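Notes follow once the structure below has been shown.
2 protein chains.
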Amino acid sequence: MSEEVFSQRTTTCGALTKADNGKIVVLNGWVHRDRNHGALHFINLRDRYGITQVVVDDDASPALQAVASELHLEYCIAVTGIVRQRPDSMVNPEMSTGEIEVKAQSIEILSRCAPLPFQIDDGKETREDLRLKYRYLDLRSQGMQQRLKLRHDFILACRKYLSSRDFYEIETPTMIKSTPEGARDFLVPSRIYAGKFYALPQSPQLFKQILMVGGMDKYFQIARCYRDEDARGDRQLEFTQLDVEMSFVKRDDVLSLMEGLFNSVFREVMNYELPARFRRLTYNDALNTYGCDKPDLRFDVPLCDVNELAQKSSFATFKDIVANGGYVKALCAPKTEGVDFSRKYITELEDAAKVYGAQGLAWIKVGENKSLSGGVSKFFAGLEAELLAKVDAKEGDLILFVAHQNWKKCCASLSAVRTKLGRDLKLIRKAFEFCWIIDFPLFEYNEEGGHWEAAHHMFSMPQAEYLDTLESDPGSVKGDLYDLVLNGYEVASGSIRIHDVELQKRIFRICNFDDKTAEERFGFLLNAFRYGPPPHGGIAPGVDRMVMIMSEQTSIHEVIAFPKNTAAVSPMDDSPSEVDQQQLDDLHLIINYPKPKA
Amino acid sequence: MSEEVFSQRTTTCGALTKADNGKIVVLNGWVHRDRNHGALHFINLRDRYGITQVVVDDDASPALQAVASELHLEYCIAVTGIVRQRPDSMVNPEMSTGEIEVKAQSIEILSRCAPLPFQIDDGKETREDLRLKYRYLDLRSQGMQQRLKLRHDFILACRKYLSSRDFYEIETPTMIKSTPEGARDFLVPSRIYAGKFYALPQSPQLFKQILMVGGMDKYFQIARCYRDEDARGDRQLEFTQLDVEMSFVKRDDVLSLMEGLFNSVFREVMNYELPARFRRLTYNDALNTYGCDKPDLRFDVPLCDVNELAQKSSFATFKDIVANGGYVKALCAPKTEGVDFSRKYITELEDAAKVYGAQGLAWIKVGENKSLSGGVSKFFAGLEAELLAKVDAKEGDLILFVAHQNWKKCCASLSAVRTKLGRDLKLIRKAFEFCWIIDFPLFEYNEEGGHWEAAHHMFSMPQAEYLDTLESDPGSVKGDLYDLVLNGYEVASGSIRIHDVELQKRIFRICNFDDKTAEERFGFLLNAFRYGPPPHGGIAPGVDRMVMIMSEQTSIHEVIAFPKNTAAVSPMDDSPSEVDQQQLDDLHLIINYPKPKA
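Sequence order for the protein chains is A and B.
Taking the working numbering, I'd label the letters of the first sequence as residues 1 to 598.
Taking the working numbering, I'd label the letters of the second sequence as residues 599 to 1196.
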C-alpha cells in the first residue's frame, strides 16, 4: 500500500500570481538559479510551466537553512511555503510569476545533481555531441521545451483538421517487404526464417495506395519513415511525415486540402494568417524566375532571361553561348545600406555560382544617373536603358549575369547568387511564404546507370497528353506531381497516382525494371490494381522540416527529442552497438568484417 | 496542365435523402450488388460512407445499357444521374439512403475488377490467409471499415484528452540500442558500422523515463513497439501502445488519469458511461476471489477459501492438503436453464482445471431442499448448511472444489473453471468492466535460470516497507505496480519508477545483472539518474487489444489494417523475403543457414 513519500505539488512553477498571496503551496521542480546573501537564500525553482522565486528568509529554522545551503543547480526539490507578494520594487514583469515569491517553510531534496557538463539553456554554445550525450539535460532548456511543445501542437492540429474532414488515421506496418528503389532500405533479419528479412518502410507509399484500393477513401498517418542514406547535413535515419492519400481526387483537391490544413494549423498554432490560396508556379517558371524548384519567396530579386540583350551586346562570350542555344540570365542586387558591392564581395558571389556549374559571374554597377560601370558594362553601350528596364535596376544596384549552355545549370548558378544576396543584403522578410511547384518532369536521366528513372517515384501519373510518348520521349513527359515549398525548403511532395496495371508496368519498364523484377518487388501493388482500384492521389508534408521552419531553426535536430548525430550515432545510448553472439546466432547471421586497409 | 479525366463525385454514397429529390449528382464507388431485370439494371453503389441504389431504366440509351451490362462486382465506377424518391413500397428503412434512388444518366468505368477470391463482407467465413493476401478486398468490408474507424476515433479521443491535460506527445526513436531483457529485440544492422546494430524498441520505456529526467513533465505517445517473440495466438511482431509517463506523481495520480481518460473516451466514442472510479483489487485479493490477476467482472461466481470446511470434512484428500499448508477453494456454478450439470460436463470442467495444475475437480450437486448429492457430498455430512452459506449455493447449483498445495495453481485451476462456466452458462453481461489490480509482487523466480527476475520490468519501484528486505526476501516484495483489466484482458500495465541510481542497481543485481552488464546496457539511464531525476511513473494501455475489446472481437488481427499472420508472415507482400546480395554485402552480413536436419 505504501508509496514513495514526498510532498507533491499543489501548483506548478508558472501559475502563481498576487491573487494567490497568503496561500500555502507546494512546488516541485529544479533549482534553476541559486543565490545566497548571508543567511538569505533565493532559489529560482523551475518546471515545464515556468519559474518561481523561492526565498529562505534569514529567520528560517536551522534545519531549513541547512537544506538550503546544500542545494546546487538542477537538484530536484519539493518546496512547501507561503505565497507572498513582492514589494513593488522587486516585481519582475519578465516572469509570469514575477509578482510573487514563495517563502519556504520546508524543502525536501528529491534527488541530487552531479556537476553539469554544460549550463542548461546554453544550448547553442554547447558542442552538439555533448548536448546529445546529455540530452536529458539539454531537454530541460527553454528552447527544447518550447520546440517540442510546438511540435506537439502542430501535429495535433493537423490530426484534428484532417479528422474533421473525414480522414481516418490508419497505422501501416513498419516491418514490410524490401522494395528498394532510390534510397537503401534498412533491413530487419527474421529469426524464424533464416536468410529472410523485413524492411523498414522508406514511406508508407504502397500501403497507403493499397488502403485506397481497400476503399478507405481518405487516409492520413503521422508516419515514421526510414532511409539508409549516407549521413549528410540534416538527414536523419528516421524521420516523420504527415502521410495523406485520397480517393476520387484530382490534383487541385489535394492542393486545396493542404491550403486549408496549413491555414487552419498556422492560425491555431502560430496565430499567423496565411493566404487562402498559395501561389502556384510551374516547374519551368520556378526555374526561370528563381533558378530553382524550391524558391524562397520571402524576398524578390527575380531572375531575368536576357538572351535577347546578350545577342545585341558586344560581349562575345554571351553571344556565343546564345548562338549555340545556351542561356544568359541576369538579376539585380538592390543597393543596400552598409553593403559595399566590392570586388571581394563579387568574387564571393561568383564562388557561390561556380558551385553549380557557372564558369563565371559577369557584373555591371549602376551608378549615378543610371550610368553603367565596371565589369562587362562596356559591352552594353547603347543598351543601358533597355538593360535597366529589363532587370528593373536603380541607382546603386548591381546587375549580375550567368551564361551557360545548360538551362538548369544556368538557373541553379544564378539561384545560388540570389540566395546569398537574400541573406547578405538582409532582404528576407519575417514571414511564411508557401508556394506550389507543379508540372514537374516525370523522369530524369540517370547518367551513371544509363537509363531513365522516376524524378519523384514510380507511382506518379503522367499527364494525359504524354501517354503516347512515354517511351519515345521520356524526358519531356510532365507528371501530375506537386511540391509544396516554404521559405526555400521543399516541405511536401505528392502526386496523382497511377491506378492502372498496364500503365504502371510501362513506367516500371522505362525505369529499367523488367516485368519479372517489377512483379517480384511490386507484385502485390499490381495485383491490387486488378481489383477495381479508384483514382487516387496524395501528398506527404515532412513534419521535422515543417516544425524546424516554424520554430525558425536551421537543423531538424532542434525539433527531434532524440536525434542521431551526423555520423548516424546516438551519443546518449551509443547506438548502434555490438550485440551478443547469441543474438547473431538467433538471427542466423555472421558478420563479414571489411578487411582493414593496408 | 492536364489531369485524368473522370466525373468526380458531388456527394457520397451515404448522403442522399428525399430532400435531394430531383438533384443531378455524381457518385463514385464500387458495384456492391448488381441485378438485371431485362433491360432494367439495379446497381448498389458503395463507398466508405454508404450504399446508394442506382437504376438504369429500361428506357436508357443503348450506350448506357451497354455500359450497365458490362458491370461486375467491385468495378469502380462514376455515375451521373438524377435523384428520385422511391415509391413508398420500395423505401428501404435499413439504408440511410433508402428513401431514394439515382436514375443513371451516364456511367463511366474507372477500373475493372478480376473475379473475386471471396465475397466482400464474407470476412468471417473466409480463411484468414486469403483475407490477408487480398487485404485490399477485405478492407472494403463493412466490418473492417467500421473497426478501423473505431480505432481512429479511439486514438484521436485519447490524444485530445491527454493534450487537454497538458501532456505533450513526443516521438521517441525506433532505432535504439539493443537492451534485451525479457523478450528478444529485433535488430537493424548498420551499414556504416560493420558488426553494429540498432534495435527496434520493445517499448519506449527508457526514453520516456529520460524525457521525465529532461523535465518534460507529462508525456504520451501512440508508440509502435516490437518484440521478436515466437508467434503464439494473438501476438504481433509490432503492436501499438498508448505510452504515458508523468513526473511528480504517486500511484493514484496515474490511476485517476486513466479513469478520467477512459470515462471521456468511452463516452465520446462508444456513447457508454463508465463508473467514475474503477474497482481496485490487490493482486492477492484478485487471485483469491477470481483465481487470476485479470478477472472478468462481467459475471460474478467468486472463488471461496474453504480450507476450514475442508478440515472439518471427512475427505482425506482435502484434509491432507490443508494439513500440509495447502489450499482448498470452491465456487458455485448457478443453476441455468438448458444446462445439465452432467458427468460429461463436469469432466469438461475438470479438464479445464487440469491444464493449470489441478489434480482433479471435486463436486457436489445441490438438490431439492438444499440436499447435497453426488461427488464428494458424503464427506460433508453435517456441514451442509455451512457449505451452502459459504459458497452461497441454491437449489440446482453445482459446487466445485480444487485443492492444491500451491496457492497460485489452486487459484488458476479454479479460475479456468470459472471462465468456462461464464461462457457456457451465458453468465457474461454485455458491459465494459474495468478494474485495477494493484500491489503486485515485484519479482518472480525464474526456475530455469535459477534467479529472480522482474515480474513487470526492472524499473518499477518497490513499496517502501520492503526496501530493507529486497535482497533477503525478494519473493515477498510488493511493487508500486498496477494493471488495468477490462473484461478479463489485461489492457494496461504500469508502475511508479525507480529514480535512484543505487536502488536501480540493487534491482539489477537481484535480477542477475552484474554492475558491469547493467552499466553496458542501461548506463545511459543510470547516468541520467545522476542529474536530478524527478519522481515519476506511468502506464501503457495496449491500443490493439483495447480496440479489439471495444469492437467485440477476439483477435487483434481484426483491428489492424495489415497484420502479420500467426507465422509472422504477411501473405500480401510475402514479407519477410530474401534480399539482394548487394544489400547483404552493404550490411556486412553473411547468412548462416541452419544445417538441414538429417
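No residue lacks a Cβ here, since even glycine has one placed at the ideal position from N, Cα and C.
What you are looking at is a predicted structure, and each value in this text was computed from that prediction instead of being measured.
When you compare only the Cα positions, how much space is there between residue i and residue j?
i: residue 523 of chain A; j: residue 268 of chain A; result: 43 Å
i: residue 955 of chain B; j: residue 1011 of chain B; result: 6 Å
i: residue 226 of chain A; j: residue 460 of chain A; result: 21 Å
i: residue 1008 of chain B; j: residue 154 of chain A; result: 53 Å
i: residue 256 of chain A; j: residue 1100 of chain B; result: 57 Å
i: residue 1106 of chain B; j: residue 219 of chain A; result: 44 Å
i: residue 883 of chain B; j: residue 1082 of chain B; result: 15 Å
i: residue 384 of chain A; j: residue 444 of chain A; result: 40 Å
i: residue 210 of chain A; j: residue 1133 of chain B; result: 46 Å
i: residue 601 of chain B; j: residue 618 of chain B; result: Residue confidence for residue 601 of chain B is low, a pLDDT of 45 falling below 50, so the modelled location carries little weight; the figure read from the coordinates is stated next. If I take the Cα positions, the gap works out to 30 Å.
i: residue 540 of chain A; j: residue 317 of chain A; result: 44 Å
i: residue 599 of chain B; j: residue 570 of chain A; result: Because residue 599 of chain B sits at a pLDDT of 35, beneath the cut-off of 50, its placement in the model cannot be relied upon, and the following sentence gives the value as read from the coordinates. Each residue's Cα considered, the two are about 46 Å apart.
i: residue 277 of chain A; j: residue 354 of chain A; result: 36 Å
i: residue 1152 of chain B; j: residue 581 of chain A; result: 38 Å
i: residue 717 of chain B; j: residue 940 of chain B; result: 42 Å
i: residue 407 of chain A; j: residue 756 of chain B; result: 53 Å
i: residue 1095 of chain B; j: residue 1075 of chain B; result: 15 Å
i: residue 762 of chain B; j: residue 264 of chain A; result: 19 Å
i: residue 985 of chain B; j: residue 944 of chain B; result: 20 Å
i: residue 947 of chain B; j: residue 976 of chain B; result: 21 Å
i: residue 475 of chain A; j: residue 262 of chain A; result: 33 Å
i: residue 640 of chain B; j: residue 677 of chain B; result: 13 Å
i: residue 1093 of chain B; j: residue 1135 of chain B; result: 6 Å
i: residue 62 of chain A; j: residue 70 of chain A; result: 12 Å
i: residue 23 of chain A; j: residue 40 of chain A; result: 21 Å
i: residue 340 of chain A; j: residue 567 of chain A; result: 39 Å
i: residue 1161 of chain B; j: residue 542 of chain A; result: 26 Å
Spatial neighbours of residue i within its chain, please: C-beta separation below 8 Å, excluding the five flanking residues on both sides.
i: residue 652 of chain A; result: Residue 652 of chain A is absent from the structure shown; chain A starts at 1 and stops at 598.
i: residue 38 of chain A; result: 58
Please go through the same chain and pick out, in chain order, the residues whose beta-carbon is closer than 6 Å to the beta-carbon of residue i, but skip the five residues on each side of it.
i: residue 950 of chain B; result: 1014, 1015, 1018
i: residue 1044 of chain B; result: 1051
i: residue 373 of chain A; result: 365, 367
i: residue 14 of chain A; result: 49, 50, 96
i: residue 661 of chain A; result: No answer is possible for residue 661 of chain A: the residues shown for chain A start at 1 and end at 598.
Among the residues of its own chain, which have a CB less than 7 Å from the CB of residue i, if the five just before and after it don't count?
i: residue 487 of chain A; result: 296, 298, 432, 433, 549
i: residue 514 of chain A; result: none
Could you round the C-beta distance between residue i and residue j to whole angstroms and report it? I think they count as a contact, below 8 Å.
i: residue 1071 of chain B; j: residue 881 of chain B; result: With 8 Å as the limit, residue 1071 of chain B and residue 881 of chain B do not qualify as a contact, their Cβ atoms being about 17 Å apart.
i: residue 1034 of chain B; j: residue 878 of chain B; result: 4 Å
i: residue 930 of chain B; j: residue 990 of chain B; result: 6 Å
i: residue 926 of chain B; j: residue 1001 of chain B; result: 4 Å
i: residue 1264 of chain B; j: residue 625 of chain B; result: The requested residue 1264 of chain B does not occur in the structure, where chain B is confined to residues 599 to 1196.
i: residue 152 of chain A; j: residue 680 of chain B; result: Incorrect: roughly 49 Å between the Cβ atoms, too far for contact.
i: residue 1142 of chain B; j: residue 1158 of chain B; result: 6 Å
Hey, would you say the C-beta of residue i is under 8 Å away from at least one heavy atom of the ligand MN?
i: residue 75 of chain A; result: Only the bare structure without any ligand can be found here, which leaves the ligand MN out of the picture.
Item to complete: Report the residue ranges of all alpha helix (DSSP H) runs contained in full by the region 382-429 of chain A; include only those spanning at least 4 residues, in chain order.
Response: The DSSP assignment places complete alpha helix (DSSP H) segments of no fewer than 4 residues inside the region 382-429 of chain A at 384-391, 407-424, in order along the chain.
Please name the residues in the region 294-316 of chain A whose beta-carbon is closer than 7 Å to at least one beta-carbon of chain B, in chain order.
none
Note to self: Please give the ranges of any alpha helix (DSSP H) in the region 76-148 of chain A, keeping only runs that are unbroken, at least 4 residues long and fully inside the region.
What the structure shows: 128-133, 135-138
**OP:** Closer than 7 Å, Cβ to Cβ, to anything on chain B: give me those residues from the region 154-176 of chain A, in chain order.
**Re:** 155, 156, 159, 163, 168, 169, 170, 171, 172, 173, 174, 175, 176
Task: Whole runs of the alpha helix (DSSP H) within the region 263-347 of chain A, excluding any shorter than 4 residues - done: Within the region 263-347 of chain A, the complete alpha helix (DSSP H) runs of at least 4 residues fall at 283-290, 307-312, 316-323.
Review point. Of all the beta strand (DSSP E) runs that stay within the bounds of the region 1105-1167 of chain B, which reach a length of 3 or more residues?
Key: 1134-1137
Open item on the list: Please identify, using Cβ separations under 9 Å, the residues of the region 247-274 of chain A that lie next to chain B, in order along the chain.
Closed with: 247, 248, 249, 250, 251, 252, 253
Short-range partners of chain A found in the region 621-652 of chain B, where Cβ spacing is below 7 Å: 626, 628, 645, 646
| said: What are the residues in the region 583-597 of chain A lying within 9 Å of chain B by C-beta distance? | reply: 583, 584, 585, 586, 587, 588, 589, 590, 591, 592, 593, 594
### Query
For the region 763-840 of chain B, which segments carrying the beta strand (DSSP E) assignment without a break, of at least 3 residues, lie completely within its bounds, in sequence order?
785-787, 795-797, 816-824
Next item on the list: Any chance you could list the alpha helix (DSSP H) runs of at least 4 consecutive residues sitting entirely within the region 639-672 of chain B, in chain order?
Entry: 660-668
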